[in-house]
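To start, the structure under review is shown below, and the notes come after it.
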Amino acid sequence: MHLLFENVLKNLMLLWTAGYKGLDKGTGEYEVLPTIWDAIGAASATSGNTIPSAFGPRSPNVANDKTSWTADSRAFWSMYVAPVVLSGRFKERRYYDHFVRLVRLINLCLQFEITEEEVVEIRCGFAKWVQDYERLYYQHDPKRLSVCPLTIHALLHIADSIVEAGPVWTCWAFPMERYCGSLQGAIKSRRYPYASLNRYVLDRARLTQIKLRYDLAETLSMKPPSLHGFYRAACLHKTCAFLPPHRAHSDVAISPPLRTKIIGALCTRFNGTAEDTRAALAKAELEEWGRLRILPDADIIRAAGYTEDSNTRGAFNAERDATYVRYEALMDLHTRNHGQESVYQPDTFYGQLRRILTVHLPPIPNSSHTVATTLALAIIRECKIEEDHPMLDIHYYSAEGALGVFDITTVQCLVGRIKDRGRWGIIDRSGSLSRAIYNPDDEDQDE
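Residues 443 to 889 in my numbering are what the sequence shown lists, from first letter to last.
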């Protein structure tokens, strides 16, 4: 896939900015005005503030940063940021659509598992994309032959490589690149660098063999202790853990409007009356948490409404926003028709996690809640989605709605946001791509 990230995508960016081997735009209209490209660069750079660090490093400014690009950063920018910031930027829509088709093909290639039908789609998709590339950029003009390097032809063989070797993550170059990068810190002598490298590789091999032979992987690991001990987490569900900072019952403040919403949610859940539910909630003990982790080792999500106090030592505030989530809830199809029986259907929503509450709730008379139990609630402010991208998993909104009260298990994952020209694009890396992301091995992280 490096031929895509380091060559094809790089060349497309050069073509769009009139910087490809001195060629003009010919008969096409694919070049982006410098002022517009500067705006694209600014939007790309600032997107790092609203995309959680779990997604990867910040995207460089495509307009003026020529040195920070790697295959990893170019892949992330092309797959997630570019479809948002490039929309509506070209003089002709066909150039944007052509690029989005390439992104969709990349997404298919990066899936953890690929079916035979998807291999056929990849083969036919790249064939059509290359044909359109020749029409849009080469323009069938021999003088413009330089826009068709060998890597464009190589796209036609990706499907065959997947058939022979499996999904692209089984043989991509990221592991070797990361390993070579980890060796840089092992060079202790400028005069004899290779002796330093040899000793480091030998010591690593010996340590690995000791771990395997004597089952000492955990004992000799330099990673911090497990989630439950290291974070002092409270696990009330199999799907998530609550992480400090934490407020006890006496410090939790619930406004009257929020209390009314919590009562409404409990009435719907347990089929009780508002009066009985209100009385039970008044006797309940509440706790509030600052962070949530999806188990076993997935996203850490922050509650935006939790105000940092002196006991958090400044660790709670983060430059990169990790408070927006994808969540799923059952919606009543007849919510506007009070006379009809409720029919619930699951639906997907996006919003900002405002607060994380645990409620130690006593029984509610005349309801299905007959035994005292602990409930975990997520207070979420919904993003009012106004448009979905026709080909990619990107959703747009300009305004946020009211607060809602949901069970914590409805929270699925973190999402990122990109602001561009007055509205937000939501990007979601979960699904088939969530596991096809290269992570360094544990020992590389230790160092």
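Heads up, the beta-carbon is just placed ideally off N, CA and C, and yes, glycines get one too.
Check: Identity of the residue in I821, P476 and Y786 nearest L799 by Cα; Outcome: I821
Check: Reference P698, options C709, N713, T710 and R720, closest by Cα; Outcome: R720
Check: Option nearest H688 by Cα separation, candidates T702, W731 and K703; Outcome: W731
Check: Own chain residues within Cβ distance below 6 Å of E448, not counting five before or after; Outcome: A513
Check: W519 - DSSP class collapsed to helix/strand/coil; Outcome: helix
Check: Backbone secondary structure at T469 - three-state DSSP; Outcome: coil
Check: Assigned exposure category for V785 - 16 Cβ within 10 Å defines buried; Outcome: exposed
Check: Neighbourhood of N491 by C-beta distance below 7 Å, restricted to the same chain and skipping five residues each side; Outcome: E761, R762 and D763
Check: Identity of the residues DSSP links to Y634 by a beta bridge; Outcome: Its beta-bridge partners do not exist; DSSP assigns none.
Check: Buried or exposed (CB count within 10 angstroms, at least 16 for buried), N453; Outcome: buried
Check: CB contact flag (E717, H691, <8 Å); Outcome: no
Check: S631 to T650 span [Cα, whole Å]; Outcome: 24 Å
Check: Sequence-distant residues of its chain with Cβ nearer than 6 Å to A485 (five each side left out); Outcome: V527 and D862
Check: Pair within 8 Å by beta-carbon distance, C855 and A746; Outcome: no
Check: Element boundaries [beta strand (DSSP E), containing G858]; Outcome: G858 to D862
Check: Counted within 10 angstroms of its Cβ, other Cβ atoms place E555 as buried (16 or more) or exposed; Outcome: exposed
Check: Contact check, P804 vs T812, beta carbons under 8 Å; Outcome: no
Check: Cβ-heavy atom distance, F541 to the ligand COA, below 7 Å; Outcome: Annotation note on the ligand COA: not contained in the displayed structure, which lists no ligands.
Check: Burial state of D870 (16 or more Cβ within 10 Å); Outcome: buried
Check: H582 classed as buried or exposed, judged by whether at least 16 other C-beta atoms fall within 10 angstroms; Outcome: exposed
Check: Cα-Cα separation between L547 and R744, rounded to whole angstroms; Outcome: 33 Å
Check: Inter-stretch contact (C-beta, 8 Å, three-pair minimum) for the segment 562-569 and the segment 608-616; Outcome: no
Check: Span separating the alpha-carbon of N898 from that of V562; Outcome: Because the chain here runs from 443 to 889, residue 898 falls outside it and cannot be looked at.
Check: Beta-carbon proximity of P509 to W479, cut-off 8 Å; Outcome: The amino acid occupying residue 509 in the given sequence is Thr; Pro does not appear at that position. Against a cut-off of 8 Å, the Cβ pair of W479 and T509 comes out as no contact.
Check: Pairwise C-alpha distance: W866 and K585; Outcome: 42 Å
Check: Beta-ladder partner(s) of P788, from DSSP; Outcome: L772
Check: Which of helix, strand or coil DSSP assigns to D849; Outcome: strand
Check: Whole-number beta carbon distance between V853 and Y769, since they are thought to touch under 8 Å; Outcome: 5 Å
Check: Exposed unless 16 or more other CB atoms sit within 10 angstroms - verdict on P494; Outcome: buried
Check: Euclidean distance between Cα positions of V605 and K570; Outcome: 19 Å
Check: DSSP state of T512 mapped onto helix, strand, coil; Outcome: coil
Check: Helix, strand or coil at K585 according to DSSP, with G and I counted as helix; Outcome: helix
Check: A832 versus N808, P617, T477 and D539, residue with shortest Cα-Cα distance; Outcome: Note that residue 832 corresponds to Pro in the displayed sequence, not to Ala. Out of N808, P617, T477 and D539, D539 has the C-alpha closest to the C-alpha of P832.
Check: Extent of the continuous beta strand (DSSP E) run through R762; Outcome: R762 -> no beta strand (DSSP E), and no H or E assigned at all.
Check: Proximal residues to K463 (C-beta, below 6 Å), its chain only, five neighbours per side dropped; Outcome: S588
Check: E559 in three-state terms, based on DSSP; Outcome: helix
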